[in-house]
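S.K.: Read in my numbering, the sequence shown has 160 at position 134, and its numbers run on one by one without any break.
Just so it is clear, CB atoms sit at the ideal spot from N, CA and C, and this is done for glycine as well.
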Amino acid sequence: MFPEYDVIVVGAGHSGCEAAVAAANMGSRVMLVTMNMNTIAQMSCNPAMGGVAKGQIVREIDALGGYSGIVTDHTMVQFRMLNRSKGPAMWSPRAQSDRMLFARKWRNMLEEHPNIDFWQEMATGIVVKNGVVKGVRTGMGIEIPAKAVVLTNGTFLNGIIHIGEKQFGGGRAGEKASKGITEQLVELGFEAGRMKTGT
27 MFPEYDVIVV GAGHSGCEAA VAAANMGSRV MLVTMNMNTI AQMSCNPAMG GVAKGQIVRE
87 IDALGGYSGI VTDHTMVQFR MLNRSKGPAM WSPRAQSDRM LFARKWRNML EEHPNIDFWQ
147 EMATGIVVKN GVVKGVRTGM GIEIPAKAVV LTNGTFLNGI IHIGEKQFGG GRAGEKASKG
207 ITEQLVELGF EAGRMKTGT
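1. Sort Val212, Ala203, Gln193, Thr178 by Cα distance to Leu58 and report the nearest one.
2. I'd like the list of long-range same chain contacts for Ser70, defined as Cβ closer than 6 Å, with 5 residues on each side in sequence excluded.
3. What residue from Pro171, Asn51, Ala89 has the CA that sits closest to Met27's CA?
4. So, for Thr223: in the same chain, excluding its five sequence neighbours on each side, which residues have a beta-carbon less than 7 Å away from its beta-carbon?
5. Can you name, in chain order, every residue of its own chain whose Cβ lies under 7 Å from the Cβ of Gly215, other than the five neighbours on each side?
6. Per DSSP, which residues does His188 bridge with? Please list them.
7. In the DSSP assignment, the beta strand (DSSP E) including Leu211 goes from what residue to what residue?
8. Using the rule of at least 16 other Cβ atoms within 10 Å of the residue's Cβ for burial, across every protein chain shown, is Pro73 buried or exposed?
9. Looking at C-beta atoms only, is the number of pairs between the region 95-113 and the region 75-87 that lie closer than 8 Å three or more?
10. Answer yes or no: do Ala218 and Val212 have a C-beta to C-beta separation smaller than 8 Å?
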């Protein structure tokens, strides 16, 4: 059903989009797997790109051929250089973007790339044969073959949302958590942990 891809990227947040573009720009045939095509590159909380320290990362991504800075240039509604009262080494660019326009522009740029294909479904496992990664498995049991797999799942792997005293599975408010990959990574000898983000 599928050709063997050079790279499968699981997760289409900002890091997944950049990973897909980086591989595709180097000539790799890429499959970007996301649970929801409508939330590609979604700005979950603060619709800002850059800031103190993060602004330098955006500049480095831009210098390496990434798209985040370009998308921000097309979608920003406000720009500010932070720390102007200090020396130039401390200056940090920060841009506020239109959230919906930002995600739409990212998706359009990805869809226009000839080396990137998309699959909308939850990836529930990594296909491993003789200790070598061979692709991903989806919730419907479909195996997509690849030479390499990049996991950029963000908060979705076994994600838990806490609201007051209640807690439930979710990767982001209104979206379900991704199940299966964390358990498999633990079985393969990786250590799983949990990071917290607050909104």
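M.R.: According to the data block:
1. Thr178
2. Arg198
3. Pro171
4. Thr181
5. none
6. Gln193
7. No beta strand (DSSP E) contains Leu211, which is instead part of the alpha helix (DSSP H) from 207-213.
8. buried
9. yes
10. yes
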